Structures are given as C-alpha cells and as structure tokens.
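A.B. asks: Residue numbers (this note's numbering): 78 to 228.
Structure incoming, see below.
Pasting the structure below:
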C-alpha cells in the first residue's frame with residue numbers, strides 16, 4: 078500500500094494496533110487456561126490504552142506535520158502476520174509475548190525505515206517519538222508477563 082502523508086502512517090499504526098487487539102480478543106475466546114486469560118485481559122486493556130494514545134497523538138499533532146508529504150511504498154505484511162497467528166490453537170503467555178514482539182518489531186522497523194527516508198527533522202522527531210512509544214508499550218508488556226510469573 079502506498080502512503081502519501083504522515084497522517085496516513087499514523088492511521089496505519091493505529092489500524093495495526095487494533096488488529097493486534099482483535100487477535101488478543103480472539104485468543105481470549107479460545108483460551109481456557111486461567112493465567113493466560115488474566116494476561117489477555119490485561120494486555121487487551123493496555124492495548125486499548127495504546128490505541129487511544131496514538132489517536133490522541135494524531136489529534137494533538139499539528140496540521141503541518143500530519144500533512145507532510147511522503148511517498149512510502151514499503152511492504153511490511155504485518156496484517157498478514159497477525160492473520161497467521163489466529164490459526165494457532167494453543168496459546169500461553171509466552172506465545173502471546175512472542176507474537177506481540179514480532180508484530181511490534183516489524184512495525185517499528187517499518188517506521189524506522191520511513192524515518193530514514195523523510196528529510197524534515199521535525200517529522201523525523203515525531204516518528205522517533207512514535208517508535209519510542211511503541212517500544213515502551215512492548216517493555217511494559219514484558220514486565221507484566223514477568224510479574225505474572227511471580228503469581
């Protein structure tokens with residue numbers, strides 16, 4: 078898919094995060110293990126907050142930054158990856174972390190590639206902030222999983 082404005086990049090990141098949240102809900106419906114269900118409830122809540130954070134970022138971003146023109150056509154197939162994950166029938170906390178890590182790493186790699194192609198320093202800074210935000214959410218998820226090990 079071709080993206081023409083930074084706003085479309087942000088919207089796509091929101092969409093990928095929503096697809097990830099839908100994956101968690103799918104597994105919540107399938108999973109019987111109570112620890113995994115507790116973890117899924119937690120990450121659904123955190124992912125919903127993440128989506129809201131990104132939407133707020135878009136809302137608060139200046140029109141000049143959002144309408145920055147770029148012509149990005151780098152394929153990343155993250156949505157296809159999420160679809161393949163739905164085929165898994167037996168998930169646990171570890172497999173959820175692995176899947177989430179794969180999605181977030183691919184998403185951040187894609188954002189980093191875009192950042193390197195952009196010439197404006199302001200836009201680069203905003204993309205870096207988005208990458209850091211996504212990385213922070215991944216770290217929080219890992220910490221939560223480690224806390225689950227203590228239970």
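Think of the CB as a built atom: it goes at the ideal place given N, C-alpha and C, for glycine as much as any other residue.
Because the structure is a prediction, the values reported are computed rather than measured.
1. Can you pull the DSSP bridge partners for residue 187?
2. Could you check if residue 109 is buried or exposed, using at least 16 other CB atoms within 10 Å of its CB as the buried criterion?
3. Should residue 168 and residue 202 be called a contact, given that it needs their Cβ atoms to be closer than 8 Å?
4. As a quick exercise: from 143, 208, 179, pick the residue whose alpha carbon is nearest that of residue 82.
5. Of all the beta strand (DSSP E) runs that stay within the bounds of the region 89-173, which reach a length of 3 or more residues?
6. Counting beta carbon pairs with one atom in the region 208-216 and one in the region 152-160, are three or more of them shorter than 8 Å?
7. Around the Cβ of residue 118, are there at least 16 other Cβ atoms within 10 angstroms (buried) or fewer (exposed)?
8. Taking C-alpha atoms, which residue in 222, 217, 91 lies nearest to residue 129?
C.D. replies: Let me spell this out:
1. By DSSP's assignment, residue 187 forms no beta bridge with any residue.
2. Its Cβ having fewer than 16 others within 10 Å, residue 109 is exposed.
3. Result no, Cβ atoms of residue 168 and residue 202 do not sit closer than 8 Å.
4. Comparing Cα-Cα distances from residue 82 to each of 143, 208, 179, the minimum goes to 143.
5. Restricted to the region 89-173, the beta strand (DSSP E) segments that are unbroken, complete and at least 3 residues in length are 146-149, listed in chain order.
6. No: the two stretches stay apart, fewer than three of their Cβ pairs being nearer than 8 Å.
7. By the 10 Å Cβ count, residue 118 comes out exposed.
8. Per the Cα distances, 91.
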